[in-house]
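As numbered in our numbering, residues 17 to 676 make up the sequence shown, in order. All C-beta atoms, glycine included, are put in the ideal place defined by N, C-alpha and C. If you're wondering where the values come from, they're calculated on a predicted model, not measured in any experiment. This report refers to the structure that appears directly beneath it.
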Amino acid sequence: MLFTEEEHSLLAEICDAFVGPVKSLDGDDAYWQSKASNLDLKQKIETTANALPEQDITDLKKVLNLFSKKTLGIFWRGPMKPFNELTPEQKEKLLFRWSKSSIGNLRKAFNVFRKMAAFMSYSASADEITHIHSKIGYTSSSSKVSENPTRIRTLFSESNQVISCEVLIVGSGAGGGLAAGMLANAGKDVVLLEKGSYINEEGFNDNEWDMVTQLYDRCGALSTNDGGVTVFAGSCLGGGTTVNWNGSFATPDRILEEWSNEHQLGHLFNKEYQQSVQTVFNLFNVNKDNSVHNPQNQKLWDGAVKRGLNPEVIARNVVDCKKNGFENCGFCGFGCKGGCKQSTLRTTIQSASENGARIYCNAEVKHLTTSLNQVTGAVGFQKINGEVRKLTIKAEKVIVACGSIHTPALLLRSGLRHPELGRNLYFHPTVGIAARYSDLIEPWNGPMMSTVVSDAMRLDGNYGYWIETAPVHPGVIGMTLPWTSIEQHKKDLTMASNCGAFIVLTRDKYGGKVSIDNHGNAVINYKMHSYDLNHSIKGMQEASEIHFAAGAEEVIFPHRSRKTLLNTADEEQRTSFYKQMTSWKWRTNDYVLYSAHQMSTCRMGGNSKTHPVRPDGSFVDYKNLFIADGSALPSCPGINPMMSIMAQSHFTIKNILNGY
């Protein structure tokens, strides 16, 4: 175990201070008396901790050590007692004070524990928390498993095995999975390595805890170094395409023009590149036929129309949802057990397997191998039933497609250097705006996103925000709702089935950075710039107005102080409220911030001094190395980026094939 029995006991007490028993407000004692420690927290904590870097565990242990000392009182101006000797009221007061502390590390600790307690408590299976599901009206999907599940042959390495191939691909998401299919179909000898597991339709289920811990990077606990941004990134065969919400957008012409001019990418409007765009849209079956609005998408549409805005239907890469009985399924983020989602798992990786590609899952690359200025392969390991087996691959060409967090980390671990490598990390920083309606919404059912409102995408040049909806299941709801007390948080959670969840995504102009720690693990540094925050605040205000136009009774803003606005407020009161928003404290961990899009840490461009990747997809300082994932995007596109990544990667792979 990574934690001692004493540390586990203390973690359970901390979690109970967030999700603990309170006096029943309506006679439902099972709900109001429930607490986090009723669950097998030890197993859940160890599962998550085993996916985290050593430094994260070290930092957490330091905080636990503080909680076990009498000197804890100094840090909240309370009694000089360890946490386990405080009364429930004192524990609650300590946590609330930390949530608004002027000390950044205290706010970080509060948020780490808050997210841990809420997600572990509310993402558990129906068998574990039946009383909670019953209280909030949550039901899992009853949809059947596909009659034609994906069948991909994955391989297990021998100890210290050396493998030779023509092309090594590291990563299997929108770029890597596409590359595997294209190259194997062209007759190339392909080896595909994926650090996550292979799970197909028969293995996907509706258990939020199971799927998040199995399909997402660091068991869903990936975050920035300061804890301010929760980062959702797929870590499984198919990568982000296995778990994303299916939104499929073409890169807007205005963004292509910006990239062409500012990054010297003149090919973006030529015939070859546009053919790549059309090819990937056809290959992944992008269509609007399955974009039927669920209640919260309909609320976004109706409210936007009443506001004089121009909502649009989102195209999605899914087929036959209704035919297969999945029109009310909202579990795309947990993989698609119906086989409707046209992920790389179900399309190009499947075809790569059929055409002889050798696919290794649970296989992580530690570093690339080089000779002079050429990349010659990679060294890594594969985990098989707890055993770690070293794996060496010799390749004529290497395609790195680990995503914008892990691609730069791998290159840095390998000793590759470029002044911009790891920089320009864009997030499309995302905030949730929840609202309580009188009618039933059930935000976990139906197509996860089918409406987009993008009228404000050009507030300043090509920068602004857009509004979509988010599928929210109990664990994510618990993580997202502000926490000021146990009672308040539990009370807010009871409105879940009447909750409409909009999200505001900002095209960020100012980025962050990915570096590596002493063990070679990726470290994410990102702080939302005031310029981008200003656009995000404007988006929150507009999302609030759309909610009210759609009939919402109350809007809850994603601020730690639980700012709310009622529909009884007149226009003057709402205007006054919105003006005050800029004076709220917007420090790191003062508000709930997410990213499901990570981009541009190894960006493509014509100037090799400022762009690590050439326009043809090759790395500037090493031969036989190509980048084919979101890290190669010149900047963030201001739309859900899957198809932008695929189009650019398709063009890169064509260049590789033309070079043979």
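Problem set entry | Closest residue to Trp-225 among Ile-73, Val-79, Leu-316 and Tyr-138 (Cα-Cα distance) | Position 209 of the sequence shown, counted from the start, is the residue given in the question as residue 225. The option with the nearest alpha carbon to Trp-225 is Tyr-138.
For this session: Could you name the residues that DSSP lists as bridge partners for Gly-263?
Result: In the sequence shown, residue 263 corresponds to position 247, counting from 1. Paired residues: Arg-332.
For this session: Tell me, please, whether the CB atom of Gly-193 is closer than 8 Å to any CB atom in chain E?
Result: Among the chains in the structure shown there is no chain E, since it carries only a single protein chain.
For this session: Run the CB neighbour count on Leu-388, radius 10 Å, all protein chains shown included, and call it buried at 16 or more, exposed below.
Result: Locating residue 388 in the sequence shown gives position 372, counting from the first residue. Leu-388 is exposed by the Cβ-count criterion.
For this session: Give the C-beta separation of Val-520 and Gly-477 to the nearest angstrom, bearing in mind that I take them to be a contact with Cβ-Cβ under 8 Å.
Result: Walking along the sequence shown from the start, residue 520 turns up at place 504. Walking along the sequence shown from the start, residue 477 turns up at place 461. Their Cβ separation, rounded to whole angstroms, is 19 Å, which puts Val-520 and Gly-477 out of contact at 8 Å.
Exercise. I think Ala-15 touches Gly-187, with their Cβ atoms under 8 Å apart; what is that distance to the nearest whole Å?
Worked result: Residue 15 lies beyond the range of the chain shown here (17 to 676); nothing can be said about it.
Problem set entry | Thr-257 vs Met-658 beta-carbon contact at 8 Å | Indexing the sequence shown from 1 puts residue 257 at position 241. Indexing the sequence shown from 1 puts residue 658 at position 642. Contact: yes.
Exercise. Taking the alpha carbon of Met-495 as the point to measure from, which residue in Ala-134, Ala-52, Glu-558 and Phe-126 has its own alpha carbon closest?
Worked result: Translated into positions along the sequence shown, residue 495 becomes position 479. When only C-alpha atoms are compared, the closest one is Ala-134.
Exercise. Measuring CB to CB, does Val-206 end up less than 8 Å from Ala-368?
Worked result: As a first step, residue 206 must be located in the sequence shown, where it is residue number 190. As a first step, residue 368 must be located in the sequence shown, where it is residue number 352. Yes, the pair counts as a contact, with Cβ atoms nearer than the cut-off.
For this session: Could you pull out every residue in the same chain whose Cβ sits closer than 7 Å to the Cβ of Ala-568, ignoring the five residues on either side in sequence?
Result: Counting from one through the sequence shown, the residue named residue 568 turns up at place 552. If we look at Ala-568 and ignore the five residues flanking it on each side, its Cβ neighbours are Ala-451, Arg-452, Tyr-453, Gly-516 and Asn-583.
Exercise. Would DSSP call Asn-127 helix, strand or coil?
Worked result: Position 111 of the sequence shown, counting from 1, holds the residue named residue 127. Helix.
Problem set entry | Those residues which DSSP pairs with Phe-635 across a bridge | Translated into positions along the sequence shown, residue 635 becomes position 619. DSSP lists Val-629 as partners of Phe-635.
For this session: Could you work out which residue in Leu-55, Thr-522 and Leu-82 is closest to Leu-609 when comparing CA atoms only?
Result: Residue numbering aside, residue 609 sits at position 593 when the sequence shown is read from its first letter. That would be Thr-522, whose Cα lies nearest to the Cα of Leu-609.
For this session: Classify Ala-46 as buried or exposed, calling it buried when 16 or more other Cβ atoms lie within 10 Å of its own Cβ.
Result: One-based indexing of the sequence shown puts residue 46 at position 30. Exposed, by the Cβ-count rule.
Exercise. Whose C-alpha, out of Gly-197, Leu-171, Thr-63 and Gly-153, is nearest the C-alpha of Met-136?
Worked result: Taking the first residue of the sequence shown as position 1, residue 136 is located at position 120. Here the closest residue by C-alpha is Thr-63.
For this session: Could you spell out the range, first to last residue, of the beta strand (DSSP E) harbouring Thr-580?
Result: Locating residue 580 in the sequence shown gives position 564, where the first residue counts as 1. Its beta strand (DSSP E) spans residues 580-582.
For this session: Just list the beta strand (DSSP E) runs in the region 27-76, keeping only unbroken ones of 3 residues or longer that don't cross its boundaries, in chain order.
Result: none
For this session: Report the three-state DSSP secondary structure of Met-511 (helix, strand or coil).
Result: One-based indexing of the sequence shown puts residue 511 at position 495. Here Met-511 carries a coil assignment [DSSP, helix/strand/coil].
For this session: Give the straight-line distance between the Cα atoms of Asp-645 and Thr-580, rounded to the nearest whole angstrom.
Result: Here the question's residue 645 lines up with position 629 in the sequence shown. Here the question's residue 580 lines up with position 564 in the sequence shown. Straight-line Cα distance between these residues: approximately 39 Å.
For this session: Since I believe Met-620 is in contact with Leu-281 (beta carbons under 8 Å), could you give me their beta-carbon distance rounded to a whole number of angstroms?
Result: In the sequence shown, counting from the first residue as 1, residue 281 sits at position 265. In the sequence shown, counting from the first residue as 1, residue 620 sits at position 604. Rounded, the Cβ-Cβ distance is 7 Å, consistent with contact.
For this session: In the DSSP assignment, find the beta strand (DSSP E) that holds Leu-209 and state where it starts and stops.
Result: Position 193 of the sequence shown, counted from the first residue, corresponds to residue 209. From DSSP, the beta strand (DSSP E) with Leu-209 extends over 206-210.
Exercise. Going by DSSP, what residues sit across from Ile-519 in a beta bridge?
Worked result: The count along the sequence shown starts at 1 and reaches residue 519 at position 503. Beta-bridge pairing by DSSP links Ile-519 to Gly-448 and Glu-484.
For this session: Can you check the region 223-306 for any beta strand (DSSP E) of at least 3 residues that lies completely inside it and give the ranges in chain order?
Result: 245-247
Exercise. Leaving out five residues before and five after Met-597 in sequence, what residues of the same chain have Cβ atoms less than 6 Å from its Cβ?
Worked result: For this step, residue 597 is matched to residue 581 along the sequence shown. Counting only Cβ-Cβ distances below 6 Å, and skipping sequence neighbours, we find Ile-553.
For this session: Throw me the rounded Cβ distance for the Leu-171 and Ile-375 pair, which I believe falls under 8 Å.
Result: Taking the first residue of the sequence shown as 1, we reach residue 171 at position 155. Taking the first residue of the sequence shown as 1, we reach residue 375 at position 359. Contact holds; Cβ gap of about 6 Å.
Exercise. Out of curiosity, what's the CA-to-CA distance linking Ser-173 and Glu-412?
Worked result: Taking the first residue of the sequence shown as position 1, residue 173 is located at position 157. Taking the first residue of the sequence shown as position 1, residue 412 is located at position 396. Whole-angstrom Cα-Cα distance: 20 Å.
Problem set entry | the region 204-218 contacting the region 426-438, beta-carbon criterion three pairs below 8 Å | With a cut-off of 8 Å, the region 426-438 and the region 204-218 do not count as touching, because too few Cβ pairs lie within range.
Exercise. Residues in its own chain within less than 6 Å of Ile-669 by CB, not counting five upstream and five downstream?
Worked result: Along the sequence shown, one-based indexing puts residue 669 at 653. A distance below 6 Å between beta-carbons, with the five flanking residues on each side excluded, links Ile-669 to the following residues of its chain, in chain order: Ala-195 and Met-198.
Exercise. Considering only residues of the region 338-425, which uninterrupted alpha helix (DSSP H) runs meet the minimum length of 4 residues and lie entirely inside it, listed in chain order?
Worked result: 364-370
Exercise. Between Val-247 and Leu-238, is the Cβ-Cβ spacing less than 8 Å?
Worked result: Locating residue 247 in the sequence shown gives position 231, where the first residue counts as 1. Locating residue 238 in the sequence shown gives position 222, where the first residue counts as 1. Yes, they are a contact pair.
Problem set entry | Extent of the continuous beta strand (DSSP E) to which Phe-220 belongs | Residue 220 sits at position 204 when you count from the first residue of the sequence shown. Following the DSSP letters along the chain, one finds Phe-220 in no beta strand (DSSP E), marked with neither H nor E.
Problem set entry | Beta-carbon separation (whole angstroms), Pro-69 vs His-535, contact threshold 8 Å | In the sequence shown, counting from the first residue as 1, residue 69 sits at position 53. In the sequence shown, counting from the first residue as 1, residue 535 sits at position 519. So it is a contact: roughly 7 Å between Cβ atoms.
Problem set entry | Closest residue to Lys-506 among Val-404, Ile-73 and His-147 (Cα-Cα distance) | As a first step, residue 506 must be located in the sequence shown, where it is residue number 490. Checking every option, the nearest Cα to that of Lys-506 belongs to His-147.
Exercise. How long is the line joining the alpha carbons of Lys-109 and Lys-151, rounded to whole angstroms?
Worked result: Position 93 of the sequence shown, counted from the first residue, corresponds to residue 109. Position 135 of the sequence shown, counted from the first residue, corresponds to residue 151. Cα-Cα distance, rounded: 27 Å.
For this session: Let me know if Tyr-289 comes out buried or exposed under the rule of 16 or more other beta-carbons within 10 Å of its beta-carbon.
Result: Within the sequence shown, numbered from 1, the residue matching residue 289 stands at position 273. Tyr-289 comes out buried.
Exercise. Between Cys-181 and the rest of its own chain, which residues show a CB-CB distance below 6 Å, the 5 nearest in sequence each way excluded?
Worked result: Here residue 181 is taken as the residue at index 165 of the sequence shown, counted from 1. Excluding sequence neighbours, Cys-181 sits near Asp-205, Val-207 and Ala-411.
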